[in-house]
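Per the UniProt record's numbering, residue 1 is the first one in the sequence shown, and the count goes up by one each step. This report concerns only the one structure given below.
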Amino acid sequence: MPHGFAVGAPCWFDVTAPDIDATAEFYRALFGWSAHDTGPEFGHYTALVQDDAPVAGITRATTPDGATRPAAWLPYFAVAELGPAVETATADGATVFVAPVEVPGQLEFAILADPAGAGYGLAHLTGHPGTERWGAPNNPVWVQYTATGAPAEAMAHYAKVLGWHYRNAAWETATDKPYQALTTAAGGREFGGAAAARPGEPAPFWGVTMHVVDCDTTAARALAWGGKIIQEPQDNPGPSRVAVISDPAGAALALMAFG
Numbered sequence: 001m002p003h004g005f006a007v008g009a010p011c012w013f014d015v016t017a018p019d020i021d022a023t024a025e026f027y028r029a030l031f032g033w034s035a036h037d038t039g040p041e042f043g044h045y046t047a048l049v050q051d052d053a054p055v056a057g058i059t060r061a062t063t064p065d066g067a068t069r070p071a072a073w074l075p076y077f078a079v080a081e082l083g084p085a086v087e088t089a090t091a092d093g094a095t096v097f098v099a100p101v102e103v104p105g106q107l108e109f110a111i112l113a114d115p116a117g118a119g120y121g122l123a124h125l126t127g128h129p130g131t132e133r134w135g136a137p138n139n140p141v142w143v144q145y146t147a148t149g150a151p152a153e154a155m156a157h158y159a160k161v162l163g164w165h166y167r168n169a170a171w172e173t174a175t176d177k178p179y180q181a182l183t184t185a186a187g188g189r190e191f192g193g194a195a196a197a198r199p200g201e202p203a204p205f206w207g208v209t210m211h212v213v214d215c216d217t218t219a220a221r222a223l224a225w226g227g228k229i230i231q232e233p234q235d236n237p238g239p240s241r242v243a244v245i246s247d248p249a250g251a252a253l254a255l256m257a258f259g
């Protein structure tokens with residue numbers, strides 16, 4: 001188990017941003033997080049923290065060669081050994097966006113695109129605690145893949161690389177592209193799902209969901225601080241209430257309140 005996370009579990013999250021300081025201020029206002037700049041040596045990568053517990057990080061939306069990346073949230077999944085995991089992924093058709101990088105005493109990571117083109121990260125945590133409050137209020141609670149075709153076909157790649165188990169959701173029986181519920185090889189609670197894209201929806205991509213106490217209030221706060229509401233709060237089975245927002249740079253993020 002890599003530093004407290006089962007292999008395949010979501011263990012860290014980044015959001016890309018053209019203006020790190022402005023993005024940090026938005027999330028401070030939205031979730032009460034504090035921001036810690038790691039300095040010029042690490043490109044001013046900024047850690048987002050809740051009460052001394054790391055939640056996520058902000059990285060620039062430009063690459064060292066000057067190319068622009070869209071503002072987006074990216075999940076990282078835990079691996080026991082980074083090199084073999086990257087090799088397995090590329091052998092199955094993945095493309096390496098960021099070759100393995102080591103931050104001594106903290107982690108090793110790489111960023112890839114799966115065979116369909118969705119970006120995701122792999123991380124071997126060697127000292128970094130990762131997102132240790134997964135599921136707590138104002139922390140990530142779910143990851144969701146939006147597939148261009150059948151979700152199960154897309155999840156086959158992750159089963160090879162990360163050992164995931166996936167199964168048809170019980171409520172979807174009258175479709176040839178049923179929603180997939182995801183668990184790690186170690187079992188336990190579901191950590192995410194995979195759905196077929198709706199007509200006109202850009203895909204494929206990984207989305208991140210934050211647990212919030214009040215979905216409506218948090219969505220309204222996002223709007224007040226320069227974000228947008230992509231999907232108005234609505235009730236879902238569970239029971240839960242869900243909205244989708246974007247930060248001022250355009251990175252989309254789902255909000256979920258329970259009960």
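Virtual Cβ for every residue (Gly too), placed ideally from N, Cα, C. Just so you know, these numbers come straight off a predicted model, no measurement behind them.
Pair within 8 Å by beta-carbon distance, His-124 and Leu-82: yes
Asp-235 versus Pro-40: straight-line alpha-carbon distance, rounded: 44 Å
Stretch-stretch touch, CB-based, cutoff 8 Å, three pairs: the segment 157–172 with the segment 86–93: The segment 157–172 is in contact with the segment 86–93.
Distance, Val-101 Cα to Trp-142 Cα: Straight through space, the alpha carbons of Val-101 and Trp-142 are spaced by roughly 26 Å.
Own chain residues within Cβ distance below 6 Å of Pro-218, not counting five before or after: Residue identity check: residue 218 is Thr in the sequence provided, not Pro. Excluding sequence neighbours, Thr-218 sits near Val-212, Leu-255.
Exposure of Phe-26, with buried meaning 16 or more beta-carbon neighbours within 10 Å: Phe-26 comes out buried.
Secondary structure, alpha helix (DSSP H): runs of 4+ residues fully inside the segment 113–166: Fully enclosed alpha helix (DSSP H) runs of 4 or longer: 151–162.
Any 3 or more C-beta pairs closer than 8 Å across the segment 199–216 and the segment 129–139: yes
Chain-order list of residues whose beta-carbon lies under 6 Å from that of Ala-251 (same chain, five-residue window excluded): Val-15, Ala-71, Ala-72, Trp-73
Beta-carbon proximity of Thr-46 to Asp-37, cut-off 8 Å: yes
Neighbourhood of Thr-146 by C-beta distance below 7 Å, restricted to the same chain and skipping five residues each side: Ala-195, Ala-197, Glu-201, Ala-203, Pro-204, Phe-205, Gly-207
Proximity of Arg-60 and Ile-111 at Cβ, strictly below 8 Å: no
Gly-259, buried or exposed, once every other Cβ within 10 Å from all chains shown has been counted against 16: exposed
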